[in-house]
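Some notes on the structure that comes next.
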Amino acid sequence: MWKISLPFQRPYVGNYALYCARGRDGYFVLTQEQTHTEASLNQTKVFLNKLGQDGKLLRRQSINAGFDEWSYLLGVNGDAIAVAGGISDEPDRKGVLGTYVAKFNGQLERTDLVVMRSGAFWTDANAAISVGRLRVAGQFYPNTDDKSGGQNAFAVSEIDFARKRYVFSTYFVQPDGRAHATAFGPDGSAYFVATTPTRLFVAVVSPVGKLTQHFATEKVVCDLTSIGVRGSTIDVIGATCDKPRVSTLASIDVPTQRAVLTRRIAGSISAARVDQKTWAAVVDTGDRGIVLRRDAL
Numbered sequence: 001m002w003k004i005s006l007p008f009q010r011p012y013v014g015n016y017a018l019y020c021a022r023g024r025d026g027y028f029v030l031t032q033e034q035t036h037t038e039a040s041l042n043q044t045k046v047f048l049n050k051l052g053q054d055g056k057l058l059r060r061q062s063i064n065a066g067f068d069e070w071s072y073l074l075g076v077n078g079d080a081i082a083v084a085g086g087i088s089d090e091p092d093r094k095g096v097l098g099t100y101v102a103k104f105n106g107q108l109e110r111t112d113l114v115v116m117r118s119g120a121f122w123t124d125a126n127a128a129i130s131v132g133r134l135r136v137a138g139q140f141y142p143n144t145d146d147k148s149g150g151q152n153a154f155a156v157s158e159i160d161f162a163r164k165r166y167v168f169s170t171y172f173v174q175p176d177g178r179a180h181a182t183a184f185g186p187d188g189s190a191y192f193v194a195t196t197p198t199r200l201f202v203a204v205v206s207p208v209g210k211l212t213q214h215f216a217t218e219k220v221v222c223d224l225t226s227i228g229v230r231g232s233t234i235d236v237i238g239a240t241c242d243k244p245r246v247s248t249l250a251s252i253d254v255p256t257q258r259a260v261l262t263r264r265i266a267g268s269i270s271a272a273r274v275d276q277k278t279w280a281a282v283v284d285t286g287d288r289g290i291v292l293r294r295d296a297l
C-alpha cells in the first residue's frame with residue numbers, strides 16, 4: 001500500500017486528479033492544474049504523470065494542446081497513451097473552442113497531436129477511443145462564428161481525428177435537464193439519462209449515429225452519479241428523491257421503458273462507476289469513514 005501527493009509548480013496555484021489508469025510497468029495519472037482561483041482569470045493546463053508500481057513519481061509531461069485545456073479521456077493500451085479533451089484560446093474557456101487528441105509513448109514522449117478548432121465538448125463528456133476514431137457524448141459548444149454546423153446541445157459524435165473530420169454528430173435537447181450521465185454500450189451505442197423536474201429522460205444513439213430511443217420514464221432517482229449498460233438494461237447509481245436523500249442502485253429496462261429501484265446503498269456516494277456486472281463507489285459511511293465498495297449488480 002502507498003499514498004502520494006502529485007506536485008504542482010508556479011505559476012499554478014493548485015491541482016487535482018482527473019483519471020488514473022494502469023500500464024505495463026506502473027500507473028498513469030492525468031491531472032489538471034490552475035493558475036488562478038478566480039474563474040475569469042484562470043488558465044487550466046493538463047499534465048500526464050507516470051508512477052512506478054511502488055507509487056513513486058517517475059515522470060510528468062504537459063499535454064500542451066492549447067492555451068486553456070481540459071480533458072475527458074485517458075486511454076492506456078500497453079505503451080500507447082491517448083488523452084482527449086477540449087481547449088480554449090482565452091481564460092475561463094470563453095475563447096475559440098477546439099477538440100484535441102494527444103498521443104504519448106510509455107516514456108511520456110508525445111508522438112502525435114491533432115487539434116480541431118470547430119467547437120468542443122464540455123468537461124463532463126464521456127469518451128471512448130479506438131484506432132483513428134474518437135467517440136464522445138456530452139454537452140457540445142460550437143464557436144459563435146463556426147461554419148461547421150455544430151449546435152449548442154447534447155450530442156453524440158464520432159471523430160476521425162487522423163483526417164480531422166466528424167464522421168457524424170447526433171443532437172438532441174434534454175427537456176429541462178438537471179443532472180445527467182452517459183455511457184457507451186459494448187456495441188458502441190451511446191446511452192444518456194437525465195433528471196427533469198418530474199421524470200427521467202432517456203436517449204440511445206446507435207453506433208452509426210441514429211437516435212434509436214427517446215423516452216421519459218418514472219423519476220426513481222433525483223441525483224445521478226454514474227450509469228452503465230448491461231444488455232438492454234441501463235444500471236444507475238444515484239440518490240432517491242426522499243428527504244434526506246438516500247444513495248441507491250436503480251435500473252431502466254429500455255424495451256419496456258420502465259425504471260425501478262433495485263437496492264439502497266448505506267452512506268453518501270461521492271464517485272461511482274458501473275462496469276458490466278459490477279459496481280464500485282467511494283462511500284462516506286459516517287462512523288467508519290470513507291470506504292471503497294465494490295459489489296455485483
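Quick note on numbering: our numbering labels position 226 of the sequence shown as 226, and the sequence is numbered without any gaps. All C-beta atoms in this analysis are idealised placements derived from N, C-alpha and C, irrespective of residue type, glycine included.
- Distance from Leu297 to Ala259 at the Cβ level is roughly 15 Å; contact not present, criterion being Cβ atoms closer than 8 Å.
- Here Ala280 is actually not in contact with Leu261; their C-beta atoms are around 19 Å apart, not less than 8 Å.
- When DSSP states are grouped into helix, strand and coil, Ala39 belongs to the helix group.
- Here Val205 is buried: its Cβ has 16 or more other Cβ atoms, across all protein chains shown, within 10 Å.
- Val193 counts as buried, since no fewer than 16 other beta carbons sit within 10 angstroms of its beta carbon.
- Under the DSSP assignment, Val115 falls in the beta strand (DSSP E) whose first and last residues are Arg110 to Met116.
- In this chain, the beta strand (DSSP E) harbouring Gly138 covers Arg133 to Tyr141.
- Of all alpha-carbon atoms in Asp54, Arg117, Val236 and Ala84, the one lying nearest the alpha-carbon of Leu30 is that of Ala84.
- By the neighbour-count criterion, in which a residue is buried when 16 or more other Cβ atoms sit within 10 angstroms of its Cβ, Thr144 is exposed.
- Beta-bridge partners of Lys45 (DSSP): Glu33.
- Beta bridge pairing from DSSP links Glu69 with Ile87.
- With three or more CB-CB distances shorter than 8 Å, the segment 118–128 counts as touching the segment 60–74.
- Taken atom to atom, the span from the alpha-carbon of Leu48 to that of Glu109 is near 10 Å.
- Secondary structure at Asp92: helix, using DSSP grouped into helix, strand and coil.
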